[in-house]
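S.K.: Pasting a structure below so you can have a look.
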Amino acid sequence: MNSSEIRQKFLDFFAKRGHEIVSSSSLVPSNDPTLLFTNAGMVQFKDAFLGQEQRTCRRATSSQRCVRAGGKHNDLENVGYTARHHTFFEMLGNFSFGDYFKREAIQYAWELLTVEFGLPAERLWVTVFRDDDEAAAIWLNEMKIDPTRFSRLGEKANFWAMGDTGPCGPCSEIFYDHGPDVPGGPPGSKDEDGDRYIEIWNLVFMQFERKADGSMTPLPKPSVDTGAGLERLAAVLQHVHSNYEIDIFKSLLADTAAVTGVKDLNNTSLCVIADHIRSCAFLVVDGVVPSNEGRGYVLRRIIRRAVRHGYQLGVNEIFFYKLVPALIKVMGEAYPELVAQKAFVEKVLNAEEQQFARTLENGMAILEKGIAEMKGAVIPGSMVFQLYDTYGFPVDLTADVAREHKLSLDMAGFDQAMKVQKEQARAASNFSAVDKLAVAPNAKTKFIGYERLEGSAYITGLFKLDGSELKQAAGDTELLVLLDNSPFYGESGGQIGDAGVIENEKARFEVLDTQKQGDVLVHRGVLRGGSIASGDKVTARVSKADRHAITLNHSATHLMHAALRKVLGAHVTQKGSLVTADRLRFDFSQPAALQAAEIKQIETLVNAEILANSTVTKEIMAIADAKQKGALALFGEKYGNEVRVVSMGAEFSTEPFSTELCGGCHVNRTGDIGMFKIVSESGISAGVRRIEAVTGFGVLQLVEMQEHTLKQVCEIIKSSTEGLVDRVQQMSANTKALEKQLVQLKAKMAAAAGSDLAGMAEDIGGVKLLAVAVEGFNSKSLRDTVDQLKNKLGSAIVVLCTVEDEKVSIVAGVSKDLIAKVQAGNLVNMLALQVGGKGGGRPDMAMAGGNNPGAVPAALASVKPWVRELL
36 MNSSEIRQKF LDFFAKRGHE IVSSSSLVPS NDPTLLFTNA GMVQFKDAFL
86 GQEQRTCRRA TSSQRCVRAG GKHNDLENVG YTARHHTFFE MLGNFSFGDY
136 FKREAIQYAW ELLTVEFGLP AERLWVTVFR DDDEAAAIWL NEMKIDPTRF
186 SRLGEKANFW AMGDTGPCGP CSEIFYDHGP DVPGGPPGSK DEDGDRYIEI
236 WNLVFMQFER KADGSMTPLP KPSVDTGAGL ERLAAVLQHV HSNYEIDIFK
286 SLLADTAAVT GVKDLNNTSL CVIADHIRSC AFLVVDGVVP SNEGRGYVLR
336 RIIRRAVRHG YQLGVNEIFF YKLVPALIKV MGEAYPELVA QKAFVEKVLN
386 AEEQQFARTL ENGMAILEKG IAEMKGAVIP GSMVFQLYDT YGFPVDLTAD
436 VAREHKLSLD MAGFDQAMKV QKEQARAASN FSAVDKLAVA PNAKTKFIGY
486 ERLEGSAYIT GLFKLDGSEL KQAAGDTELL VLLDNSPFYG ESGGQIGDAG
536 VIENEKARFE VLDTQKQGDV LVHRGVLRGG SIASGDKVTA RVSKADRHAI
586 TLNHSATHLM HAALRKVLGA HVTQKGSLVT ADRLRFDFSQ PAALQAAEIK
636 QIETLVNAEI LANSTVTKEI MAIADAKQKG ALALFGEKYG NEVRVVSMGA
686 EFSTEPFSTE LCGGCHVNRT GDIGMFKIVS ESGISAGVRR IEAVTGFGVL
736 QLVEMQEHTL KQVCEIIKSS TEGLVDRVQQ MSANTKALEK QLVQLKAKMA
786 AAAGSDLAGM AEDIGGVKLL AVAVEGFNSK SLRDTVDQLK NKLGSAIVVL
836 CTVEDEKVSI VAGVSKDLIA KVQAGNLVNM LALQVGGKGG GRPDMAMAGG
886 NNPGAVPAAL ASVKPWVREL L
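So the mapping is simple: the working numbering equals the position in the sequence shown, first residue as 1, plus 35.
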């Protein structure tokens with residue numbers, strides 16, 4: 036029975052017993068922004084189990100795709116080295132929402148395993164929670180299982196909880212016995228960690244609610260949540276011991292071997308790559324793209340781990356994306372969304388591998404060199420951090436290499452280096468004192484800035500910028516001021532803090548910025564004469580012009596976010612945002628630069644919503660209701676039970692154009708924004724793009740500036756506006772012709788120089804060696820000259836170096852007969868370390884760059900002894 040048949044038989048079994056077949060939800064949880072990935076079948080039903088959602092069905096069954104590769108549930112480092120660890124797996128499950136309970140759940144599981152799947156009862160072992168007499172009685176007295184194949188275990192093994200508080204309950208697990216030939220003992224024994232007894236199904240009985248004090252009370256409607264790993268079940272039913280031997284992996288391993296050119300299908304690296312293509316492809320399908328934070332960073336780690344294992348197999352070309360068709364072959368029928376997004380998945384994986392390939396070889400060379408020079412068995416934390424910070428090596432990738440050399444990592448040293456870097460970044464902040472003000476734990480500033488920009492308040496705290504508290508202050512002094520209520524918005528959600536004035540008849544405090552410390556608003560600014568003290572009554576007044584402009588830009592950011600998702604796809608997620616008075620900046624997940632047509636389409640969508648002049652609604656509602664409305668929640672943000680939902684564009688459509696959870700300041704109607712124009716689109720890191728845009732008068736100023744620039748260009752090149760394009764094209768063609776002539780001239784000069792340089796080569800044991808600095812060469816002429824010299828000198832090693840604008844360029848060439856002993860790539864890497872750069876290339880030709888021209892003479896002098904040692 037293949038995996039597809041097992042999946043379908045499971046779903047059909049429960050459908051016949053009144054269960055609704057529910058499609059797999061996304062790997063990105065829609066109902067829990069604090070959860071990295073969907074890691075169990077129950078995640079999409081979490082609100083139903085918590086009583087926050089009423090489902091139309093009381094019984095459900097699903098095959099849920101899951102990822103465990105980050106956070107608490109992280110199997111990444113074990114993948115490929117064990118028979119059952121995966122980054123991606125499918126969880127088969129059946130669920131009861133206050134309908135049936137233990138008896139039916141146990142009966143269904145036993146019937147499916149022993150009757151439908153035909154597993155012999157004598158090969159199964161059952162465990163229950165030690166105090167769960169009800170479940171024990173059902174198993175022993177009603178199902179009549181063999182009491183010698185039954186265990187009662189403790190809370191760690193057989194009690195499940197959703198969190199520190201909330202629904203919880205005992206569970207019952209079913210294990211398959213692979214037989215006495217496999218080492219290991221039954222569950223609960225001292226040998227239970229062996230591979231003989233493998234868990235194939237877990238039945239969770241949610242019957243209690245755990246309170247904050249640890250006490251538990253019975254739930255009015257107990258529920259059932261079960262999970263059976265498809266891969267483990269397939270291994271049992273296909274009579275194999277390792278998950279990598281089931282039909283899905285057999286096919287993937289064969290295709291991976293074909294792509295990488297490896298013949299040994301049991302190779303660990305093949306298993307790693309075959310596993311990782313599943314998680315990577317499905318994460319991209321569900322909208323995750325590589326980035327430097329959150330889910331995107333986990334995806335990047337998995338891709339880079341797969342690429343590194345390809346490198347280890349000797350693959351010297353981009354290969355990982357080529358496995359997408361192989362995955363579709365075995366999983367496309369069950370998941371048509373994978374087929375539909377094939378091209379996009381390939382594009383994302385290709386782009387990420389291309390980027391990493393440029394640094395992998397250099398990073399590996401540094402790591403291997405460091406390992407070779409080590410005297411102990413621990414890789415220093417400083418080296419681990421350098422690889423992470425400079426070469427983008429995830430720590431677990433370095434750990435993989437360390438494991439292969441039987442070494443460990445100095446994680447304490449790595450953590451210290453990371454801490455130092457964060458502290459340096461923090462020290463650069465001009466408002467770091469906000470985090471350490473000695474305010475009361477329950478202190479709170481009432482924010483009144485949604486309704487008005489001015490109001491009376493009392494000063495509740497005065498602090499110096501270093502965080503030390505004051506009773507009063509006088510003169511021109513920089514201060515942090517706290518109020519009991521304030522119209523000033525504290526920076527959050529990308530919107531900068533408000534500026535303005537806090538004053539009374541005695542003093543005027545100019546507010547330059549407003550930040551948050553918990554629920555307290557902190558006003559930073561300068562006291563412009565007079566004196567103020569805690570307890571003083573003041574008037575707080577926000578800068579009306581700045582707040583108005585900020586509000587336009589913030590609302591436009593929401594419209595643009597929605598437009599990006601409509602034009603580019605649901606994979607677009609916010610990675611960063613800045614909303615100021617003069618512009619908006621938005622960072623988002625996207626693997627490639629936007630095309631001009633896409634930018635135009637986004638602008639058109641946003642401006643159409645502005646022209647529609649629809650009402651912007653701001654509602655406070657329960658988090659469950661907000662999720663039901665489809666409001667976008669940002670990963671990592673903490674939300675309370677009640678949230679503020681901002682919706683735009685609902686008047687002329689069946690659903691809003693944009694709905695987001697947001698505490699920021701927004702217009703009342705979209706028409707208030709006036710107009711929207713994208714100023715720039717750029718990449719800030721792999722998989723993350725940045726858009727900057729303006730609104731309202733900012734658009735008018737942009738048009739005026741561009742018109743002025745256009746007139747200046749016309750005057751400089753003596754052209755009318757109408758003939759400008761033709762004139763520029765003509766001048767460009769002339770420039771290209773002159774540049775071509777210059778290249779040809781430099782080539783002739785290089786050829787002439789090559790003849791002169793050949794006479795400078797010295798003989799080392801029958802090998803011609805030339806390592807010199809030259810002037811007036813660009814990178815191409817440098818390569819051409821090295822090629823000419825190799826041909827002219829015969830058995831030779833040639834290194835040419837030039838310095839231009841304080842940048843060092845090095846090209847090394849090695850004749851074919853010598854590359855078994857001397858490789859150009861290793862040679863330029865040795866030189867690059869001395870001149871402050873990096874390099875790479877082929878064994879016969881390689882290049883390096885650097886930024887330390889002063890080190891060039893010593894670097895060139897080091898070539899001769901380095902070569903002599905290898906020959």
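Idealized CB from N, CA, C, for every residue including glycine.
#1: Say whether the segment 489 to 502 touches the segment 574 to 584, bearing in mind that this needs 3 or more beta-carbon pairs closer than 8 Å, one atom from each stretch.
#2: Within the same chain, show all residues whose beta-carbon is closer than 7 Å to that of G189, passing over the 5 residues directly before and after it, in chain order.
#3: Of the choices D181, G133 and M453, whose alpha-carbon is the least far from that of A156?
#4: Taking buried to mean at least 16 other C-beta atoms within 10 Å of its own C-beta, is V902 buried or exposed?
#5: Over the uninterrupted alpha helix (DSSP H) stretch that includes T512, give me the two end residues.
#6: What are the residues that DSSP puts in a beta bridge with H558?
#7: For K506, which residues in the same chain have their Cβ closer than 8 Å to its Cβ, ignoring the five residues on either side in sequence?
#8: Starting from P255 and walking both ways along the alpha helix (DSSP H), at which residues does that stretch end?
#9: Does the beta-carbon distance from L547 to R559 come in below 8 Å?
#10: Let me check understanding here. Comparing Cα to Cα, which of D501, F523 and K541 lies closest to G510?
#11: Since I believe S693 is in contact with H593 (beta carbons under 8 Å), could you give me their beta-carbon distance rounded to a whole number of angstroms?
#12: Cutting at 6 Å between CB atoms, please list the residues of its own chain near T652, excluding the five before and the five after it.
#13: Do you know how far the Cα of R600 is from the Cα of H606?
#14: Less than 7 Å between C-beta atoms, sequence neighbours within five positions excluded: which residues of the same chain meet that for N813?
#15: With a threshold of 6 Å on Cβ separation, who are the neighbours of A192 within its own chain once the five nearest residues in sequence on each side are excluded?
#16: Should E883 go down as buried or exposed, given a rule of 16 or more other Cβ atoms within 10 Å for buried?
#17: Note down the Cα distance separating A855 from N861, rounded to an integer number of angstroms.
#18: Grouping DSSP H, G and I as helix and E and B as strand, with all else coil, what is A893?
#19: Answer with buried or exposed for S224, where buried requires no fewer than 16 other C-beta atoms within 10 angstroms of its C-beta.
#20: Can you tell me whether DSSP reads M865 as helix, strand or coil?
#21: In whole angstroms, what separates the C-alpha of F466 from that of D533?
#22: Less than 8 Å between the CB atoms is what I'm expecting for L737 and K712, so what's the real figure, rounded?
#23: Report the three-state DSSP secondary structure of M36 (helix, strand or coil).
#24: Please list the segments of the alpha helix (DSSP H) lying wholly inside the segment 694 to 775, counting only runs of 4 or more residues, in order along the chain.
#25: To the nearest angstrom, report how far apart A859 and P360 are at their CA atoms.
#26: Take every Cβ of the segment 607 to 627, pair it with every Cβ of the segment 520 to 530, and state whether three or more of those distances are shorter than 8 Å.
#27: Return the Cβ separation of N676 and I655 in integer angstroms, given the expectation that the two are a contact with Cβ distance under 8 Å.
#28: Could you pull the DSSP bridge partners for M418 from this structure?
#29: In the DSSP assignment, find the alpha helix (DSSP H) that holds K377 and state where it starts and stops.
#30: Determine whether the beta carbon atoms of A598 and I637 lie at a separation below 8 Å.
#31: Skipping 5 residues on each side, what residues in its chain have a beta carbon closer than 7 Å to that of R339?
#32: Measure the beta-carbon distance from R343 to F123 and round it to whole angstroms, keeping in mind my assumption that it falls under 8 Å.
#33: Determine the closest residue to I494 out of D82, Y423, K572 and R93, with distance taken between C-alpha atoms.
#34: State the Cα-Cα distance for the pair F185 and T303, rounded to the nearest angstrom.
#35: Do you know offhand how far L305's Cα is from I281's?
#36: Using only alpha-carbon positions, find the residue among S830, H596, G367 and G448 that is nearest to L669.
M.R.: A quick look at the data gives this:
#1: yes
#2: R165
#3: Of the candidates D181, G133 and M453, the one whose C-alpha sits nearest the C-alpha of A156 is D181.
#4: buried
#5: The continuous stretches of alpha helix (DSSP H) do not include T512, which lies in the beta strand (DSSP E) extending over residues T512 to L518.
#6: Beta-bridge analysis with DSSP links H558 to V516 and T549.
#7: So the list reads L497, A568 and S569, once near-sequence residues are dropped.
#8: Where P255 is concerned, there is no enclosing alpha helix (DSSP H), although the beta strand (DSSP E) it sits in stretches over M251 to G264.
#9: yes
#10: K541
#11: 5 Å
#12: S682
#13: 7 Å
#14: K781
#15: none
#16: The question names Glu, yet the displayed sequence has Ala at residue 883. So A883 counts as buried.
#17: 12 Å
#18: Helix.
#19: exposed
#20: M865 sits in a helix when the DSSP states are folded into three classes.
#21: Unreliable positioning characterises F466 in this predicted model, as indicated by a pLDDT of 48, which lies under 50. The coordinate reading is nonetheless provided below. One C-alpha to the other measures close to 14 Å.
#22: 6 Å
#23: In this structure, M36 counts as coil in the three-state DSSP scheme.
#24: Listed in chain order, the complete alpha helix (DSSP H) runs (minimum 4 residues) inside the segment 694 to 775 are 732 to 751.
#25: About 37 Å.
#26: yes
#27: N676 to I655, Cβ: 11 Å. No contact.
#28: Answer by DSSP bridge pairing: none, since M418 is not bridged.
#29: Where K377 is concerned, the enclosing alpha helix (DSSP H) stretches over K377 to E408.
#30: yes
#31: F391, P429 and L432
#32: That pair is no contact at about 18 Å.
#33: K572
#34: Each residue's Cα considered, the two are about 35 Å apart.
#35: 15 Å
#36: H596
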